[in-house]
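Positions 91 to 458 (my numbering) are the ones given, in order, by the sequence shown. C-beta atoms are modelled at their ideal positions from N, C-alpha and C, and glycine is treated no differently.
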Amino acid sequence: MAAQKRRRRRGRNSRTKVIVGTIAVLAVVIVAVVAYFSLNQDGTADLEESDSNSVQAEDLGTLNPLTGESGFDPDKLGSRPIAIMINNAPAARPQWGLCSPDIVFEGVVEGGATRMMWVYADANDIPKVGSIRSARHDFVELAEGLDAVFVHWGGSDLAYDVIRDRDVDDIDGLRYEGKYFFRDNTRSVATEHRGYTTGEDIRTAISDLGLRTQLGSRYDAPFAFEKPGSPRVLAGGSCQSVDFDFSGVSSYSHTFNYDAQDGLYYNRIGGEPMRQDGGEQMAVTNVILLYCGVRNIGDASGHMEMDLSSGTGVYISNGTYEEIRWEKGSAAAPLELRDASGKTLVLNAGKSYIGLVPTSEKSSVTIS
91 MAAQKRRRRR GRNSRTKVIV GTIAVLAVVI VAVVAYFSLN QDGTADLEES
141 DSNSVQAEDL GTLNPLTGES GFDPDKLGSR PIAIMINNAP AARPQWGLCS
191 PDIVFEGVVE GGATRMMWVY ADANDIPKVG SIRSARHDFV ELAEGLDAVF
241 VHWGGSDLAY DVIRDRDVDD IDGLRYEGKY FFRDNTRSVA TEHRGYTTGE
291 DIRTAISDLG LRTQLGSRYD APFAFEKPGS PRVLAGGSCQ SVDFDFSGVS
341 SYSHTFNYDA QDGLYYNRIG GEPMRQDGGE QMAVTNVILL YCGVRNIGDA
391 SGHMEMDLSS GTGVYISNGT YEEIRWEKGS AAAPLELRDA SGKTLVLNAG
441 KSYIGLVPTS EKSSVTIS
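Shown next, in the form of structure tokens:
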């Protein structure tokens, strides 16, 4: 009887050892599987996606929605941008604040001249700017596509019509000269080339006039950007320089030259460096040319109209370029930039110049 009990105990001990051994083997296998799937192909451990994103967010800080650059005031996220009409006549150069905008739009107006619209994500970043010039309806539409507060000094009849009919929030120097807009009489040029304002004056005007400050949700991310400091190489090839015209008027012809040391394209206009008051030359990370139809609307002043529905273009950045597509459609619709395959265009982080080049001048665009 005692011998049988010993045999039963030895049998149970053997089965226990087998079970324990099996569990140990399974544990080793599970650990190995988990370790395998937690490694990249190069053998380095992957962070959880949420952890990785939180690390990136912490490293980058708040990004400027118009440039993709870090260091933006988080309290200003969701605020409406400011769009300012700027004179580009030779007599108005050098402009005050030329190097300050997040985005510079430029398009042709009457007589083959061009006008600019400077856009800022934060009114606190606006220095003394000018000379401020009158509105044209196409620029009003570009501002609407960003849900921006539109700042100008006068305007064409058609521009005033769309401001009124579409209830555009605007601040007009014709109404508020001496209050929010001023003349710098140190320049010996015609009066229309002396007008300026400041970010402080614009902020005061927005408050005094009770203009909406909260950005519409449709407009909170107007462009897609690469991570700051990690510019991508574009698919079309090298671009160390780009030349283009808006018309046959040579004083509005542009050349942007690339400087590989800082990754910026430096602007020349009419054959001369385009400088702001004080001497600094305008330079941007991104040069974006959008080809659009342009026609004379036939009024006595020879006002022009740009077709802002859709078209093709070219994107230039990081010493390279690629062909793109764009569309806008209705007046309130955001401007959408796409790559050649139709996907959302990803811009390199930094300031941008967007030129609305007439399709008739497409042949003037020379990339080298």
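Non-local beta-carbon contacts of R277 in its own chain, meaning distances under 6 angstroms to residues more than five positions away in sequence, involve R284 in chain order.
One alpha carbon belongs to R302, the other to V377, and they sit about 31 angstroms apart. Counting along the chain, no beta strand (DSSP E) covers I216, and no H or E run does either. S328 and E417 have their C-alpha atoms roughly 26 angstroms apart. For R170, there is no enclosing alpha helix (DSSP H), as DSSP marks it with neither H nor E. One alpha carbon belongs to V209, the other to N275, and they sit about 26 angstroms apart. Shortest Cα-Cα distance from V436 to any of E426, M396 and P191 involves E426.
Leaving aside the five residues that flank V339 on each side, the residues in its chain whose CB is nearer than 7 angstroms to its CB run, in chain order, G202 and A203. The DSSP-derived three-state label of H344 is strand. The alpha-carbon of K269 is positioned some 39 angstroms away from that of L150. Per DSSP, V323 lies in no alpha helix (DSSP H) segment and is marked neither H nor E. In this structure the region 154 to 164 touches the region 436 to 455; the number of beta carbon pairs closer than 8 angstroms is three or more. Ranked by how close their Cα comes to the Cα of E231, the residues S320, A430, S399 and S450 have S399 in first place. Secondary structure of L153 (DSSP, three-state): coil.
Taken atom to atom, the span from the alpha-carbon of A350 to that of S190 is near 21 angstroms. The beta-bridge partner set that DSSP reports for A225 consists of G245.
In this structure, I216 sits away from I261, with a CB-CB distance that is not shorter than 8 angstroms.
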